[in-house]
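K.L.:
There are 4 protein chains.
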Amino acid sequence: MSHNSFGHLFRVTTWGESHGPALGCVIDGCPPLIEVTPEELQVWMDRRKPGQSRFTTQRKEPDSVKILSGVFEGKTTGTPISLMIENVDQRSKDYGDIKDKFRPGHADYTYQTKYGIRDYRGGGRSSARETAARVAAGGIARKVLGDSVKIKGYLTQIGDRVIDRTRADFSEIDNNPFWSPDPGIVEEWTVYLDAIRKAGSSVGAVIEVVASGVPAGLGAPIYGKLDSDLAMAMMTINAVKGVEIGDGFSAAALTGETNADEMRSGNEGFPRFSSNHAGGILGGISTGQDIVVRFAVKPTSSILKPRDTIDINGNETEIQTKGRHDPCVGIRGVPVGEAMMACVLADHLLRHRGQNG
Amino acid sequence: MSHNSFGHLFRVTTWGESHGPALGCVIDGCPPLIEVTPEELQVWMDRRKPGQSRFTTQRKEPDSVKILSGVFEGKTTGTPISLMIENVDQRSKDYGDIKDKFRPGHADYTYQTKYGIRDYRGGGRSSARETAARVAAGGIARKVLGDSVKIKGYLTQIGDRVIDRTRADFSEIDNNPFWSPDPGIVEEWTVYLDAIRKAGSSVGAVIEVVASGVPAGLGAPIYGKLDSDLAMAMMTINAVKGVEIGDGFSAAALTGETNADEMRSGNEGFPRFSSNHAGGILGGISTGQDIVVRFAVKPTSSILKPRDTIDINGNETEIQTKGRHDPCVGIRGVPVGEAMMACVLADHLLRHRGQNG
Amino acid sequence: MSHNSFGHLFRVTTWGESHGPALGCVIDGCPPLIEVTPEELQVWMDRRKPGQSRFTTQRKEPDSVKILSGVFEGKTTGTPISLMIENVDQRSKDYGDIKDKFRPGHADYTYQTKYGIRDYRGGGRSSARETAARVAAGGIARKVLGDSVKIKGYLTQIGDRVIDRTRADFSEIDNNPFWSPDPGIVEEWTVYLDAIRKAGSSVGAVIEVVASGVPAGLGAPIYGKLDSDLAMAMMTINAVKGVEIGDGFSAAALTGETNADEMRSGNEGFPRFSSNHAGGILGGISTGQDIVVRFAVKPTSSILKPRDTIDINGNETEIQTKGRHDPCVGIRGVPVGEAMMACVLADHLLRHRGQNG
Amino acid sequence: MSHNSFGHLFRVTTWGESHGPALGCVIDGCPPLIEVTPEELQVWMDRRKPGQSRFTTQRKEPDSVKILSGVFEGKTTGTPISLMIENVDQRSKDYGDIKDKFRPGHADYTYQTKYGIRDYRGGGRSSARETAARVAAGGIARKVLGDSVKIKGYLTQIGDRVIDRTRADFSEIDNNPFWSPDPGIVEEWTVYLDAIRKAGSSVGAVIEVVASGVPAGLGAPIYGKLDSDLAMAMMTINAVKGVEIGDGFSAAALTGETNADEMRSGNEGFPRFSSNHAGGILGGISTGQDIVVRFAVKPTSSILKPRDTIDINGNETEIQTKGRHDPCVGIRGVPVGEAMMACVLADHLLRHRGQNG
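Residue numbers (UniProt numbering), protein chains in the order written: chain A, 1 to 357; chain B, 1 to 357; chain C, 1 to 357; chain D, 1 to 357.
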C-alpha cells in the first residue's frame with residue numbers, strides 16, 4: 001500500500017504535520033556507498049524553504065535536515081535513511097476559525113469527513129510543509145542518479161501570465177525569485193503578484209521540470225510506466241490538478257506525422273531524434289531524450305477574501321483565512337517538482353537494474 | 001512492484017500480446033458474493049471492441065471474455081478472478097518492415113533498447129489490445145461499486161476540433177460512434193476523420209470521464225491520493241500524454257476566490273457546493289461531487305505516411321505502416337478510461353473500508 | 001497487497017480452483033532474453049503431477065502447461081508470462097457431503113466464515129492443485145537463477161518415521177517414489193503408508209530443500225530477509241505448519257560457540273565455513289553456503305475415517321471424506337518446496353541487482 | 001518492496017542503527033480516532049528494554065518513545081504515526097576488533113559482502129535494538145485490535161531446558177524474569193543461565209506467543225495467509241531460525257484423525273472445537289480459536305569465548321566479543337514476538353474489513 005509512500009526500489013515514506021514537533025521521511029532501498037552529507041541535502045532544502053521573498057509564506061523555518069540513520073562515515077550503508085526536519089516556527093495563534101469551519105477548496109472538509117478528526121493547526125498533514133521531506137529525499141535521489149543526470153524546474157505561467165518561450169534562457173532560472181527562464185516576464189510577474197497579494201487573493205501556476213542525461217530504457221510497458229509514475233508523483237504534490245508529458249494536451253491536436261519524432265543515426269549507437277514531442281518517453285520507457293514534465297498548480301485556497309462555507313456542524317457561515325500564506329504556492333512547487341522527478345528516476349534506475357541486470 | 005499491475009486491495013494484473021494466443025487479467029481482492037456473469041462483462045467488451053465503425057481498426061475480434069476462476073454459481077468467492085480473451089484475428093502477414101525498423105513515436109525503439117527483444121507482431125505488449133483486459137476488469141469493478149456509482153466517458157476533442165459545451169447533452173453520448181455529448185459536432189468530426197483516414201494520417205483526442213454517486217471520503221492525504229491514482233491510471237493507457245482533474249491546467253489562471261468551490265448546507269448532512277472546479281477531489285479525497293478526469297491521447301504513430309527512421313542496426317531508412325489502424329485511437333479510449341475510473345474507485349472503496357472500518 | 005501474489009521483482013500471481021476450467025499464474029518481472037520452452041517447464045510439472053504412485057491422489061491430470069504470453073521465439077521478452085494448466089479430470093461426482101459439512105482440519109469452515117461462499121468442489125481454491133501453478137513458476141525461476149544454482153528437495157520424515165542421515169545418499173533421491181535420500185527407509189515407508197492408506201487415514205511429513213551455488217549477498221537486513229521470505233513462501237504451501245532454516249528449532253539448545261559457524265580463508269576470496277548451522281543465511285543475507293530450509297506438512301484432513309463436525313447450519317453431524325486423496329500429501333510437497341525456493345531466490349537475485357547494481 | 005517494512009494496510013517501516021542518534025518507525029494506515037498516549041506505549045517498551053536483569057544486556061537505555069506525528073489531541077488522525085526512540089547509552093569504546101573481523105554466526109560478513117560497508121558499532125542495523133521500534137509499533141497495533149484481543153508471550157525453553165507444561169500457570173508469566181509460565185523451572189533456568197553467562201557463552205530459546213479473542217475470518221487463502229504472514233514476521237526477528245503454528249513440526253507425526261480438530265455446536269453461532277492442533281488457523285484464515293505461534297531463537301553469536309574467523313582482508317584470525325551482551329537474547333524476544341503478533345493481526349483485521357466490508 002502506498003498511502004504515504006512512493007517508489008518501489010527507491011521507496012520514500014513521509015510523515016509529519018505542519019505544526020507537530022517535526023516532519024521527515026524514511027528512504028528504503030538506497031544503494032550503499034554513496035557519499036552524502038547533510039550540507040548537500042541542505043542546498044535543496046534552502047531552495048524550497050519559506051520566507052525567502054515576499055511571494056512565499058513568511059513563516060520562518062530553517063528547514064535544517066538531520067540524517068538519523070543509514071549513513072555511516074559519510075556514506076550510505078544500504079539500510080534505511082531516516083531524515084528529520086524539526087518544525088521551529090509554529091507560531092502560537094488562535095486557530096478558532098479553521099478549527100470549526102471548512103476552507104472552500106481546501107482539504108479541511110474531506111479530511112474531517114474521511115477520518116472524523118483532523119489536525120487543523122496550519123493544515124496539519126495537508127500543509128505544503130510536507131513537501132520539505134520530499135525535497136530532502138530528492139537530494140538523496142540525485143546522488144543515486146549521479147552527476148550525468150541534470151534536473152531543472154522552472155515556472156512557465158503564473159496566473160494567466162505565460163512566459164514567452166522565444167525569450168527563454170535557462171541560465172536565467174536561478175537569477176530571479178520565480179525560477180523563470182524568461183527574464184522578460186519577471187517585472188510583469190512581480191507587479192502582478194504584488195497586486196494579488198495585496199488583494200488578499202492568490203493565483204495558480206504551471207511548472208515544467210526537465211531531466212537531461214537520462215539513459216534510454218528506464219520504465220516499463222504497462223503499469224510501471226515512467227510517465228504514469230511521473231504523473232502520479234506530480235499529482236501527489238499539494239494543489240496540483242494536471243500533469244503533462246512532452247506536448248501533453250497539445251498532442252491531441254497534432255497529426256500522426258507531426259507528432260512522431262523522426263529518428264536519424266546518431267553517435268555511439270544512440271539515435272538522433274528530430275524533435276521531442278514525446279517528452280522523452282515512448283511506450284512508458286525513456287528514449288534517452290530530455291524527460292519533460294509539466295504540472296498545473298491551482299491557486300492557494302487559504303485567502304484573505306471572505307468565502308461562503310459551512311462549519312463542522314453543517315451551519316452556513318463565511319471564512320477568511322488570516323495568517324501567513326503564499327499568494328502563489330506554485331513558486332515553491334519548483335524544487336518539489338524537481339525532487340519528485342529525481343525520486344521517480346532513481347526508483348526506475350534501480351528497477352531497471354533489477355530486471356535487466 | 002507494479003510493472004503490470006495496478007490497485008492495491010482491488011488489484012488488477014494484465015498479461016498478453018497483440019498476436020499471442022490470448023490476453024487477460026487476474027483480479028485479486030474482489031469482495032465475495034457479488035453476482036457477475038460473462039454476459040455482463042461482455043457489454044463493456046463490446047463497447048471497446050474493434051471494427052465497429054470505419055474510424056476504428058478493422059481487425060475483427062469477438063473479444064469474448066471467459067471467467068476462468070473466482071466465480072462460483074454466479075457469484076464471486078473472494079478468490080482471484082482470472083479473465084481471458086482469446087485472440088482470433090491475428091491476420092497472417094509479413095511483419096518484415098516493423099520487424100526491423102522502428103516506427104517513430106512508437107514503443108518499438110524503447111522496448112528493443114530496454115529488453116534487447118520485442119514481439120513486433122502487431123506491437124506485441126504495446127498494442128492497444130492490452131486494454132481489452134482492462135475493460136473486462138472494469139466490468140468487475142463496476143459491480144463492486146454498485147449501481148449508485150455511474151461512470152460515463154465521452155470525447156470532447158478530436159484533433160483540433162473541440163466540442164461546444166453549451167450544446168452538450170449527455171444522453172446523446174451513446175447515439176454516435178464518437179461518444180460525443182455534442183450532437184452538433186458529429187457531422188464535422190465524421191468529415192474530418194474521413195479525410196484524416198484517407199490521407200493515411202491520424203489525430204489525437206481528449207476524453208473526459210465523470211463518475212457520479214461517489215461517496216465523500218475515498219482517497220488518502222499524500223501518496224495514495226484519489227487524484228494521483230487516477231492520474232497514474234489514465235497515464236498507463238496507451239498514447240496518453242496528459243491528465244487533468246476538474247479544471248486541470250485552467251486552474252492555474254484562476255484566482256483563489258474563483259477556484260475554491262463554496263459550500264452551503266445541503267440535504268441529509270451533505271453540503272451543497274456552488275461549483276466543482278476541484279473535480280470532486282480535495283486533498284486527495286473525494287468530496288461527494290462528481291469526479292471529473294480528462295486525458296489527452298496523442299495521434300496513432302502507425303500511419304501510412306512515410307517517416308524517417310532507423311533500423312535495428314542503426315541505419316537510416318524510412319517507414320510506412322501498412323495494415324489496420326485507428327485514425328483516432330482516442331475513440332476507443334473512452335471505454336478504457338471508464339474502466340480505469342471504475343478500477344481506481346473500487347480500489348479506494350475497499351481501502352477506505354479497510355482503514356476506516 | 002499479496003493475497004494471491006508473492007515476490008517483488010520476480011512476482012508470481014496464481015489463480016484457479018480445483019474443479020474450474022483451468023488454473024495458472026502470471027509472472028511479472030522476469031528478465032528478458034531467457035530461453036524457455038514449455039517442455040522444460042513440463043519436466044517440473046511431471047514431478048508434481050498426481051497419480052504417479054499409489055501414495056498420491058489417483059486423479060489423472062496431464063498438468064500440461066501452456067505459455068500464453070511473455071515468450072517470443074523461445075525467449076522471454078520482459079513482459080508478463082502467463083502460464084495456464086487446464087483441469088481435465090474433474091470427475092463428476094456428488095459433492096453433497098462436503099457441500100454442506102465442514103471437514104475438521106480443513107479450510108471449509110474458515111472460507112465459509114470469511115467469504116460466506118466457497119467453491120466446495122474438490123476444495124476449490126484451497127486444493128493442493130493450486131501448487132501446480134507454483135511449480136510452473138518455479139520452472140521459470142530456475143531459468144532466471146541459471147545452471148550454477150542447484151535446488152534439491154527430499155523427504156526426511158513420513159509420519160513418525162525419520163530417515164537415518166548417516167545413510168543419506170543424495171543421488172538416491174530420484175530413485176524412489178518418496179524422494180528419500182535414505183534408501184534404507186524406502187521399504188519401511190512403503191509398508192507404513194500402505195497401512196495408513198488402507199486404514200483410510202493419513203500422516204504428515206517433513207521436507208528439506210537445499211539450494212547450492214547461491215551467491216553470498218542475497219537478502220536484506222530486516223523485513224526483506226531471505227529467511228523471512230523463505231519462511232513465508234513455505235508456509236503458504238497447503239498444510240505446512242512449521243518452517244526452519246539451518247538447525248532451526250535445534251539451534252535453541254546449542255551454545256553460542258557451537259552454533260556459530262567458524263570461518264577460515266578459502267579460495268578466490270570466498271571464506272570456508274567449518275559448519276553450516278545457519279543454513280546459509282546470516283542477518284537475513286546469504287553467506288554463499290548451501291541454503292537449507294525444512295518444513296513440516298500436517299496429515300491430510302480429507303480422510304475416510306469418520307470425524308465429528310457441524311454442518312453449515314451449525315448442526316452436529318459427522319463426516320467421512322470419500323474420493324481420491326493423498327495418504328501423505330507431503331510427498332507431492334517436495335517439488336512444490338523446490339519451486340518456492342527457486343522463486344524466492346530469483347526474486348532476491350533481481351532485488352540484489354536492483355539495489356546493488 | 002519491503003526491505004524495511006512489513007504489513008499492508010497497517011504498515012510499519014523501521015529505521016535506525018544501534019549506535020546512531022535514534023531509531024524508530026513510521027506506521028502508515030492506522031485507523032483514525034484511536035486514543036493513544038506515549039505512556040501506554042511506554043508500558044510495552046519497558047518490558048523489552050535492556051538492563052532489567054543480569055540475563056539481559058547491561059546497556060542502560062530508557063527507551064523513551066516519542067510520538068512525532070499522526071496523533072492529535074490524544075487521538076490518531078489516520079495520517080502516518082512517526083515514533084522515535086533516542087539512543088542514549090552508546091558507550092564510547094574501541095570497536096577495533098569487530099571493525100575488522102567478522103563474528104562467526106553474526107551478520108558482519110554478510111552485510112559487508114552485500115553492501116561493501118557496514119556500521120559496525122554495536123552491530124549497526126543488525127542490532128537487536130531495532131526491535132525497540134517494533135515494540136512501539138506493536139503498542140499501536142494492540143490499540144487497533146482493541147481490548148477483546150489478548151496477546152501473551154512466554155519462554156518454553158532456554159538452551160536445552162524445556163518447561164513442564166503440566167505445571168504451566170499463565171498467571172505466573174509476569175512474576176519472573178524469564179516470562180516463564182512454569183514456576184518450577186525458574187530456579188533451574190537461573191542457575192543454568194548464570195553458568196552460561198560466567199562461561200562467556202550463550203544459549204538459544206523457544207518462545208510461544210498466543211493471541212486469544214481473534215475473530216474467525218482473518219487471513220486469506222494463498223499468499224496473504226495469516227500463518228505465512230506470522231511466519232515471516234517472526235522470522236524477521238533477529239536470531240530466529242524456526243517458526244511453528246499450532247502443533248508445528250509435531251503435526252508431521254500425527255495421523256489425520258488425530259490432527260483434525262473436531263467441531264461441535266457452540267454458543268452464539270460459533271462452533272466449539274475439541275482441540276487446537278491447528279493453532280487457530282485453517283487454510284490461512286483464523287478459526288476463532290487461540291492463535292498459537294512458536295519460534296526458536298539461536299544463541300547470541302557475540303560471546304566472550306574465542307572463535308576462529310577471518311578479517312575483512314580474508315586473513316585467518318580469531319575473535320572474542322567483549323562488552324555488554326545477552327547470554328540469552330531470546331528472553332527479550334518475548335515482547336518482540338508479542339508485538340509482531342499484534343502488528344500482523346492488526347494488518348489482517350484492516351485487510352479483512354477492506355475486502356469484506
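Glycine is no exception: its CB is placed at the ideal position from the N, C-alpha and C atoms.
At a cut of 8 Å, does the stretch 103-115 of chain C reach the stretch 262-282 of chain D through at least three beta carbon pairs?
P.N.:
yes
K.L.:
Can you tell me whether Arg307 of chain D is buried or exposed, with buried defined as 16 or more other CB within 10 angstroms of its CB?
P.N.:
Classification for Arg307 of chain D: buried.
K.L.:
According to DSSP, is Lys152 of chain C part of a helix, a strand, or is it coil?
P.N.:
strand
K.L.:
For a quick check, are the C-beta atoms of Ile196 of chain C and Met340 of chain C less than 8 Å apart?
P.N.:
no
K.L.:
Please identify the residue among C:Asp326, C:Gly333 and C:Thr14 whose C-alpha is closest to the C-alpha of Val209 of chain C.
P.N.:
C:Gly333
K.L.:
Just to confirm before moving on: does the CB-CB distance between Glu40 of chain C and Gly74 of chain C stay below 8 Å?
P.N.:
No, the Cβ-Cβ distance between Glu40 of chain C and Gly74 of chain C is not below 8 Å.
K.L.:
Using a Cβ-Cβ distance cut-off of 8 Å, determine whether Gly357 of chain B contacts chain D.
P.N.:
Answer yes: the Cβ-Cβ gap between Gly357 of chain B and chain D drops below 8 Å somewhere.
K.L.:
Report the rounded CA-to-CA distance for Ser250 of chain B versus Leu193 of chain A, giving the unit in angstroms.
P.N.:
Separation of Ser250 of chain B and Leu193 of chain A (C-alpha to C-alpha, rounded to the nearest whole angstrom) is 18 Å.
K.L.:
Please work out which residues of its chain come closer than 8 Å, Cβ to Cβ, to Lys101 of chain B, disregarding the five sequence neighbours upstream and downstream, and give them in chain order.
P.N.:
Asp108, Thr309, Ile310, Asp311, Ile312, Thr317 and Ile319
K.L.:
Run down chain A in chain order and give the residues with a C-beta less than 9 Å from the C-beta of Phe72 of chain D.
P.N.:
Glu17, Gly20, Ile117, Arg118, Asp119, Tyr120, Arg121 and Gly124
K.L.:
Look up Arg142 of chain D in the DSSP assignment and give the residues it is bridged to.
P.N.:
The partner list for Arg142 of chain D (beta bridge, DSSP) is empty, contrary to what the question assumes.
K.L.:
Specify, as a first and last residue, the run of the beta strand (DSSP E) that Leu226 of chain C falls within.
P.N.:
Not the beta strand (DSSP E): Leu226 of chain C falls in the alpha helix (DSSP H), residues Leu226 to Met235.
K.L.:
Against chain B, does Gly248 of chain A count as a neighbour if the rule is that its beta carbon must be under 8 Å from one of theirs?
P.N.:
yes
K.L.:
Does the beta-carbon of Glu257 of chain A have 16 or more other beta-carbons within 10 angstroms, so that it is buried, or is it exposed?
P.N.:
It counts as buried.
K.L.:
Flag Gly111 of chain A as yes if its beta-carbon sits less than 8 Å from any beta-carbon of chain B, otherwise no.
P.N.:
The amino acid at residue 111 of chain A is misidentified as Gly; the sequence shows Tyr. For Tyr111 of chain A, the answer is yes, since a Cβ of chain B falls inside 8 Å of its Cβ.
K.L.:
The stretch 72-91 of chain D: which residues have C-beta closer than 9 Å to a C-beta of chain A, in chain order?
P.N.:
Phe72, Glu73, Lys75, Thr76, Thr77, Gly78, Thr79, Pro80, Ile81, Ser82 and Met84
K.L.:
Looking only at its chain, what residues have a beta carbon closer than 8 Å to the beta carbon of Met263 of chain B, apart from the 5 residues adjacent to it on each side?
P.N.:
Pro271, Arg272, Phe273 and Ser274
K.L.:
Which one or two residues does DSSP pair with Glu35 of chain C in a beta bridge?
P.N.:
C:Lys75
K.L.:
Is the beta carbon of Ala133 of chain C closer than 8 Å to that of Thr14 of chain C?
P.N.:
yes
K.L.:
Ordered along the chain, which non-local residues of its own chain (more than five positions away) have a Cβ less than 7 Å from that of Gly124 of chain D?
P.N.:
Glu17, Ser18 and Arg118
K.L.:
Just to confirm the assignment, what range does the alpha helix (DSSP H) spanning Ala22 of chain D have?
P.N.:
Ala22 of chain D -> not in any alpha helix (DSSP H); beta strand (DSSP E) instead, spanning Ala22 to Asp28.
K.L.:
Whole angstroms are fine: how far does the CA of Lys150 of chain D sit from the CA of Val293 of chain C?
P.N.:
32 Å
K.L.:
Could you name the residues of the same chain whose beta carbon sits closer than 6 Å to that of Ala346 of chain A, not counting the 5 residues immediately before and after it, in chain order?
P.N.:
Phe10, Ala141, Val144 and Leu145
K.L.:
Would you say Tyr154 of chain C reaches chain D, if we count a Cβ-Cβ gap shorter than 8 Å as a contact?
P.N.:
Not one beta carbon of chain D lies nearer than 8 Å to the beta carbon of Tyr154 of chain C.
K.L.:
What's the gap between the Cα of Ser301 of chain A and the Cα of Gln355 of chain B?
P.N.:
28 Å
K.L.:
Please confirm if Thr255 of chain B has its CB atom under 8 Å from at least one CB of chain A.
P.N.:
yes
K.L.:
By DSSP, does Leu9 of chain A sit in helix, in strand, or in coil?
P.N.:
coil
K.L.:
What first and last residue would you give for the beta strand (DSSP E) that runs through Asp194 of chain A?
P.N.:
Looking at the DSSP string, Asp194 of chain A is not in any beta strand (DSSP E); the run it does join, the alpha helix (DSSP H), is Val186 to Lys198.
K.L.:
Where does Gln320 of chain A sit, in a helix, a strand or coil, going by DSSP?
P.N.:
The DSSP-derived three-state label of Gln320 of chain A is coil.
K.L.:
Measure from the alpha carbon of Lys66 of chain B to the alpha carbon of each residue in C:Gly122, C:Leu23 and C:Ala216, then state which is nearest.
P.N.:
Residue C:Leu23 is the option with its Cα nearest to Lys66 of chain B.
K.L.:
Are Ile158 of chain C and Ala205 of chain C close, meaning C-beta to C-beta below 8 Å?
P.N.:
Closer than 8 Å, so yes.
K.L.:
Should Ser265 of chain D and Gly217 of chain D be called a contact, given that it needs their Cβ atoms to be closer than 8 Å?
P.N.:
no
K.L.:
Who are the Cβ neighbours of Pro327 of chain C in its own chain at under 8 Å, not counting the five residues just before and after it?
P.N.:
Phe55, Leu193, Ile196, Arg197, Ser201, Ser202, Val203 and Thr300
K.L.:
Name the one or two DSSP bridge partners that Lys101 of chain B has.
P.N.:
DSSP, once it has assigned bridges, lists B:Asp311 as partnering Lys101 of chain B.
K.L.:
Please list, in chain order, the residues of the stretch 265-289 of chain A that have any C-beta partner in chain D closer than 9 Å.
P.N.:
The stretch 265-289 of chain A vs chain D, Cβ under 9 Å: nothing.
K.L.:
With a threshold of 16 other CB atoms inside 10 Å of the CB of Glu61 of chain C, please say whether the residue is buried or exposed.
P.N.:
buried
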